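Sequential numbering from 1 applies to the sequence shown in full-length UniProt numbering.
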Amino acid sequence: MKQVPGEPREDSSTRPASEQKACPLYRRQQEELRLMAAAFETGQATLITDTDTRIIRVNQAFTRITGYRLEDVLGQTPHLFKSGRHGPGFYAMLWNRLMAKGHWQGEIWNRNKHGQVYPIWQSITVVKGDDDQVLHYVAVFHDITERKRIERALAREASSDHLTGVANRRSFDRALVKAVKSAQAEERELVLVLFDIDHFKRVNDIHGHDVGDEILLLLARCVQDRLRKTDLLARWGGEEFTLLLSDTPLSGALQLAERLRRDVARAIFPGPTVTISIGLTRFQPGDSARDLLTRADRALYRAKQNGRNRVEVMTPDASELPPFLERRAFGTSAKGIIKLPATSSAGRRPAKDSHQGSAGATVLDSEHAVLPSHSRLSRVLDNALAIAIERRGSLTLCALDIDHFKAINDTLGNEQADRLLVLLAERLGHYLQNDDMVMRTGGDEFVLLMQRMADDTALQALLEVISRPFTLGDRQVRVTASMGVSCFPNDQAEGDSLLRHAQQAMYRAKQNGRNILSRFDPRHDRQVQQFMVERRRFERAIDQDELRLHYQPQVDMATGQVVGVEALVRWQRPGEGLLAPHTFLPLIEGSRLEEALGEWVLRTALTQLDRWQELGITLPASVNISPSHLLTRDFVTRLSALLAEHPNVSPSRLKIEVVETAAMHDIQAALEVITRCQDMGVQMAIDDFGTGFSSLTYLRQLPVDLIKVDKSFVRDMLADPSDLAIVESVIYMSRRFGRSLLAEGVETLEHASELLARGCHLAQGYGIARPMPPESLEEWLAQWPNRADWQALAGEVGRSGHA
């Protein structure tokens with residue numbers, strides 16, 4: 001209901017009691033209230049307001065649903081319950097219809113006392129007297145959360161596959177027809193992909209349908225983690241899936257398809273190793289949905305015929321295919337590189353278009369080479385393994401992946417990035433021995449095969465060789481790599497499994513900080529399986545409203561004023577209590593769930609800011625956004641939409657914190673995002689400053705509003721001179737670059753005094769307050785001025801004249 005502004009006037013509530021009882025208006029009001037009393041205490045929530053829409057009565061069902069008692073809301077307006085999901089236009093429409101017809105009913109999303117947003121079905125009636133004057137407004141509503149859940153479940157069941165949760169064939173058919181019409185009318189690019197699991201019938205026959213179902217579910221999750229929101233994945237039937245990529249060129253679709261093929265091949269599934277075959281085609285003017293499906297199906301069939309575990313493409317005119325595809329490459333546009341020993345194990349001499357490296361090795365000319373097929377790579381590994389078994393020797397297999405190569409490619413351009421890969425392959429060739437092999441298996445990934453047991457010292461030296469600068473024209477470029485290692489006979493596995501184990505270890509190296517090596521550990525197989533179970537559990541936690549935001553105050557130590565809060569996510573896991581972020585954030589690192597969580601945090605924090613504003617609390621709130629979420633293509637668009645959903649919240653009250661390493665991945669993209677956010681009025685901050693590898697570069701190039709000194713330095717600054725020196729350096733840099741500075745991890749008054757003496761005024765930490773639920777923060781704000789210790793500190797600063 002809408003609050004009606006008006007001039008103060010005398011009414012029955014402002015007159016003496018004796019006059020009220022004699023007043024006809026008062027008697028009519030009491031009579032109306034008595035008439036409603038019989039129906040008042042029903043199962044539906046009821047609230048009654050006066051003509052100024054101020055609440056004068058509620059029933060027990062209202063308290064049960066909203067959490068508010070009568071004394072909490074008496075004299076308040078229903079504005080108190082606003083969720084932020086409806087804009088001003090919605091409430092204007094509601095009010096106009098209520099005034100015109102005398103009643104309104106419909107669905108509204110409200111917020112309860114605990115800050116949770118929930119849907120209700122509400123009826124509002126205008127109660128008038130004999131003189132047609134408004135006496136009251138009566139609202140009756142009930143919670144429809146369960147109904148909405150059932151509706152969502154039914155909608156998902158109608159349009160989604162019951163096992164994997166992705167779109168089903170019927171909904172995909174509709175989407176494909178719509179996408180084809182759009183591509184035709186707007187001349188947009190469109191690619192259709194079909195893929196299925198190789199030898200899936202054998203999986204079901206040997207391991208059972210339960211294992212088969214689990215593989216289908218995990219495969220769908222694996223693929224979804226690598227897709228954009230605009231991409232549509234569907235289960236076509238059985239073990240076959242289809243993928244619709246809008247606004248995607250063929251080259252980009254091929255790169256995605258090849259990455260999906262590789263990622264699936266090295267993922268851990270219950271039972272056997274899983275591979276997929278992929279066929280794709282692109283939209284041509286005049287195509288129908290059936291045309292696309294027919295060509296994609298033919299491409300998939302050809303992939304099956306040509307050995308499986310590969311990517312094939314088909315267009316109406318095969319001459320339009322890139323040359324590398326006509327040579328049966330896997331499906332990436334970058335050129336392949338393979339280094340072979342001077343004489344292969346089969347005794348064949350190298351091709352004529354190859355040249356000798358300085359160590360006597362052979363490197364195929366990169367302008368003519370293509371990526372080795374999976375079957376060729378398998379034969380090489382199996383052959384090397386057979387020789388090692390025959391000679392009772394050893395093998396070391398290394399999977400190498402260039403760190404942050406996408407950012408490098410975006411910065412240098414495709415041609416220079418390809419040149420960098422050529423130089424890297426040549427460098428590896430010079431470093432390794434004659435009987436070693438280097439193969440580029442796709443994108444920025446290499447496989448090294450050594451006919452011996454390589455120790456960590458040698459492998460670490462190889463990483464150091466990779467990190468030396470490369471000269472590309474007039475610029476010096478540095479790269480690092482993550483390495484996964486598997487060894488025979490320590491790892492008793494076949495060739496394909498050795499490779500998969502090395503790639504799994506490489507992914508663990510990525511997770512553990514990059515630019516390191518990690519050896520395959522059989523125990524890690526089991527850990528990864530459990531990891532995937534926990535990740536799926538957290539995904540359900542987002543959907544099932546198990547997450548909470550707690551808020552930690554930030555203060556100006558020089559004045560004692562509270563200047564903001566930081567929103568920190570917690571997981572209220574059933575049966576386990578409230579879990580801190582470090583227990584679950586590693587589960588979603590690098591996955592699409594980072595984006596889902598980030599959007600939930602933004603929406604929830606903005607809604608809380610809206611509610612606080614109603615209570616007269618106008619503090620800004622900081623939220624943490626992951627690097628992958630920050631750099632998504634539609635981040636700014638989605639942020640703008642969220643702000644539009646909360647028109648009462650000034651964008652300046654929202655502060656987005658990014659960790660220092662985030663922009664280093666792609667500093668130009670980060671610069672653009674940060675600038676666009678600031679143009680909307682949103683503040684930007686660098687979190688955990690000092691922990692990244694190029695803090696000064698970060699400060700110079702990114703126009704952030706605030707720097708946050710990492711708590712690890714602040715916490716130990718009193719005992720560790722090195723940490724104190726870092727803190728002092730950050731304070732100095734913030735002054736030189738004109739940035740505000742906030743210290744995290746302030747646990748004692750001594751920390752505060754030392755920081756103040758060095759010119760750092762803003763702080764947060766356990767010494768001030770721990771993170772707390774929003775209702776507890778409201779109580780804390782009322783008590784903060786009474787904290788004599790901190791107020792005394794501020795008083796000392798004022799008397800000493802510190803700026």
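Heads up, the beta-carbon is just placed ideally off N, CA and C, and yes, glycines get one too. Remember, predicted model here, so these are calculated numbers, not experimental data.
Helix, strand or coil, according to DSSP, for residue i in the structure here?
{"i": "Q791", "result": "helix"}
{"i": "V704", "result": "coil"}
{"i": "A769", "result": "coil"}
{"i": "L424", "result": "helix"}
{"i": "D456", "result": "helix"}
{"i": "A719", "result": "coil"}
{"i": "P119", "result": "strand"}
{"i": "T632", "result": "coil"}
{"i": "H207", "result": "helix"}
{"i": "T559", "result": "coil"}
{"i": "residue 844", "result": "Any question about residue 844 goes unanswered here, given that the chain covers just 1 to 803."}
{"i": "D710", "result": "coil"}
{"i": "R540", "result": "helix"}
Do you know whose CA, among the options, lies nearest residue i's CA?
{"i": "M99", "options": "R169, V264, V134", "result": "V134"}
{"i": "K708", "options": "E672, M717, L423, E657", "result": "E657"}
{"i": "N59", "options": "Q44, G443, T53", "result": "Q44"}
{"i": "I516", "options": "H114, D456, R535", "result": "D456"}
{"i": "L597", "options": "S159, D213, W780, L547", "result": "L547"}
{"i": "Q701", "options": "K711, T675, A725", "result": "T675"}
{"i": "V117", "options": "T607, Q284, L448, I56", "result": "T607"}
{"i": "S650", "options": "R440, Q476, M680", "result": "M680"}
{"i": "E566", "options": "T604, D634, H404", "result": "T604"}
{"i": "T583", "options": "R535, L377, K148", "result": "R535"}
{"i": "A621", "options": "P627, M684, I588, L631", "result": "M684"}
{"i": "L260", "options": "L219, E239, L292", "result": "L219"}
{"i": "E186", "options": "K148, S171, D247", "result": "D247"}
{"i": "N512", "options": "P586, L449, F488", "result": "P586"}
{"i": "N434", "options": "L424, P647, E189, Q451", "result": "Q451"}
{"i": "W600", "options": "E614, R64, W571", "result": "W571"}
{"i": "P574", "options": "R537, F635, A644, A509", "result": "R537"}
{"i": "P249", "options": "E189, G473, A769, R736", "result": "E189"}
{"i": "V180", "options": "E390, L293, M93, K510", "result": "L293"}
{"i": "R97", "options": "V73, I124, R85, P78", "result": "I124"}
{"i": "L639", "options": "E614, E595, F405, Y301", "result": "E595"}
{"i": "P703", "options": "D723, P721, A719, G738", "result": "G738"}
Tell me which residues share the same chain as residue i and place their Cβ nearer than 6 Å to its Cβ, disregarding the 5 neighbours each side in the sequence.
{"i": "L654", "result": "V682"}
{"i": "S486", "result": "L397, L498, H501, A502, F520"}
{"i": "Y431", "result": "V465"}
{"i": "T51", "result": "V134"}
For residue i, which residues in the same chain have their Cβ closer than 7 Å to its Cβ, ignoring the five residues on either side in sequence?
{"i": "T275", "result": "D198, V264, A265, R308, N309"}
{"i": "V727", "result": "V709, F713, V714, M717"}
{"i": "A296", "result": "L192, V193, L194, G279, L280, T281"}
{"i": "D491", "result": "L498, H501, F520"}
Excluding the five sequence neighbours on either side, which residues of its own chain have a C-beta within less than 8 Å of the C-beta of residue i, listed in chain order?
{"i": "Q561", "result": "V555"}
{"i": "D521", "result": "A505"}
{"i": "T145", "result": "Y118, P119"}
{"i": "P469", "result": "Q476, V477, R478"}
Since residue i and residue j should fall inside the 8 Å C-beta cutoff, what is the C-beta to C-beta distance between them, to a whole number of angstroms?
{"i": "M314", "j": "T396", "result": "Wrong, their Cβ atoms sit about 40 Å apart, outside the cutoff."}
{"i": "Q552", "j": "L568", "result": "6 Å"}
{"i": "H136", "j": "T49", "result": "6 Å"}
{"i": "S467", "j": "D401", "result": "14 Å between Cβ atoms; not a contact."}
{"i": "M437", "j": "V479", "result": "Contact doesn't hold; Cβ gap of about 21 Å is too wide."}
{"i": "K711", "j": "G765", "result": "7 Å"}
{"i": "W236", "j": "R290", "result": "That pair is no contact at about 14 Å."}
{"i": "A670", "j": "L706", "result": "Not really, about 16 Å apart at Cβ, beyond 8 Å."}
{"i": "G67", "j": "N110", "result": "Between N110 and G67 the Cβ distance is about 11 Å, and since that is not below 8 Å, they are no contact."}
{"i": "A399", "j": "E445", "result": "7 Å"}
{"i": "F200", "j": "E239", "result": "4 Å"}
Would you mind sorting residue i into buried or exposed? The rule is 16 or more other CB atoms within 10 Å of its CB.
{"i": "K82", "result": "buried"}
{"i": "F269", "result": "buried"}
{"i": "E576", "result": "exposed"}
{"i": "A794", "result": "buried"}
{"i": "A541", "result": "buried"}
{"i": "residue 844", "result": "Summary: the structure shown does not reach residue 844, with the chain confined to residues 1 through 803, and so no result is reported for it."}
{"i": "residue 807", "result": "No information on residue 807 is available, as it lies outside the stretch 1 to 803 that the chain covers here."}
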